[in-house]
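Position 101, counted from 1, in the sequence shown is what UniProt numbering calls 101; the numbers after and before it change by one each time, with no gaps.
A virtual CB, placed ideally from N, CA and C, is assigned to each residue, including glycine.
One structure is given here, and the rest of the page talks about it.
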Amino acid sequence: MKMKTAQRLMKTVSVIRAISFDITGTLIDHQESIAETYARCAQLTLTDPPSAEEMQPAFRRAFKEASKNEPYFGYPGNEREWWKYTVRLCLEYTGKIDINEDEFNRYFYRVYQHFGSPKGYTVLPQVRECLKFLSEKGLLLGVTSNTPHRTIDTTLPMLDLSKYFDFFVCTADLGAEKPEPEIFNRTLFEVQTLLNDFTIQPHQILHIGDSLVADYCGARAAGFSALYLNRGEKSITFQDWLVAPTYPGKSNEDIHEHTIHEISQVVSFFNHREK
């Protein structure tokens with residue numbers, strides 16, 4: 001990391017009162033692709049199961065359509081029914097439109113239960129060590145995530161991660177998602193309330209996530225400090241740049257200077273702050 005970048009990040013962390021994390025892709029990930037899971041469950045329950053190759057575009061289309069028709073996981077309605085609707089759409093988009101109700105229910109139960117079990121997820125490298133370190137330093141930690149309730153209520157406790165967090169902000173609770181400012185405003189309110197200090201400003205909260213658009217640019221547009229976690233060193237596309245929220249100082253240089261490639265780098269920044 002260049003000296004200029006390191007110095008700027010050290011200046012950032014010196015004022016931080018709380019840290020907010022994205023969840024999927026930042027702290028945890030699926031053990032296999034969603035398409036692979038859907039296809040494997042289909043092999044167990046359907047008489048004419050679609051392949052993972054068929055499932056991949058079908059799921060993307062179904063998720064996009066369900067999110068448009070019933071945004072924010074059906075907020076404020078029944079989240080489980082939203083997933084049922086999405087899974088049925090997915091099957092229809094693979095051409096499976098003649099599945100009877102009993103067969104579909106058996107399939108849906110397999111899929112839904114998988115994502116409520118430890119087999120569905122893996123904790124990403126260095127995450128436990130990072131959260132433990134930051135928690136022991138007395139920093140207020142939480143999550144700000146475009147996730148359904150089940151990620152907060154079931155997945156994080158099941159993976160023994162919820163113990164590190166003081167606040168939980170998710171799309172299904174608010175009817176808002178990153179990069180929309182409302183979800184970051186809720187995080188600010190949670191931090192101010194928990195610390196009993198309503199003078200805390202957005203820039204005193206650091207948000208860390210793996211989406212340039214939703215996490216980094218969304219947080220910066222809301223006034224937060226932010227780090228873009230780019231583990232795979234993905235290239236920034238022109239489309240990302242176009243759709244990403246604007247914030248003061250937005251530039252390729254700014255993004256580069258606030259990009260990390262391993263979550264352990266956060267430990268280094270806050271370790272240095274105390275010296």
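- A distance below 8 Å separates the beta carbons of L140 and A18.
- Judged by pairs of C-beta atoms under 8 Å, the region 189-209 does not touch the region 54-72, as fewer than three such pairs exist.
- Taken in chain order, the whole beta strand (DSSP E) runs of length 3 or more contained in the region 182-250 are 205-209 and 225-229.
- In this structure, the beta-carbon distance from I28 to Y93 does not fall below 8 Å.
- Y107 places its beta carbon less than 8 Å from that of A42.
- Straight through space, the alpha carbons of A219 and N271 are spaced by roughly 23 Å.
- In chain order, D22 and G209 place their CB closer than 6 Å to the CB of D215, counting only its own chain and leaving out the 5 sequence neighbours on each side.
- Per the DSSP secondary-structure output, T144 pairs in a beta bridge with V169.
- In the DSSP assignment, T86 falls outside any beta strand (DSSP E) and within the unbroken alpha helix (DSSP H) covering E79 to Y93.
- One alpha carbon belongs to N230, the other to T259, and they sit about 7 Å apart.
- Counting other Cβ atoms within 10 Å of its Cβ, Y72 reaches 16 or more and is therefore classed as buried.
- Membership of A18 in the beta strand (DSSP E) is indicated by the continuous run A18 to F21.
- For I28, the uninterrupted beta strand (DSSP E) run begins and ends at I28 to H30, by DSSP.
- Runs of alpha helix (DSSP H) with 4 or more residues, each lying fully within the region 100-126, are found at 101-114, listed in chain order.
- Leaving aside the five residues that flank R88 on each side, the residues in its chain whose CB is nearer than 7 Å to its CB run, in chain order, F104.
- Contact check for S145 and Y164: beta-carbon distance about 14 Å, past the 8 Å limit, so the pair fails to qualify.
- Here the alpha carbon of R40 sits roughly 10 Å from the alpha carbon of I34.
- Contact annotation: S20 and G142 have beta-carbon atoms nearer than 8 Å.
- In this structure, DSSP gives T45 a helical state, which the three-state scheme calls helix.
- Look at I97 here: in three-state DSSP terms it is coil, with no helix or strand label.
- Contact check for A176 against P148 fails: the beta carbons are separated by 8 Å or more.
- In the DSSP assignment, I260 is bridged to L229.
- If you draw a straight line from the Cα of Q126 to the Cα of I97, it is about 44 Å long.
- For Y247 and I255, the gap between their C-alpha atoms comes out near 11 Å.
- In this structure, P157 keeps its C-beta atom at 8 Å or more from the C-beta atom of C217.
- Contact annotation: V267 and C130 have beta-carbon atoms nearer than 8 Å.
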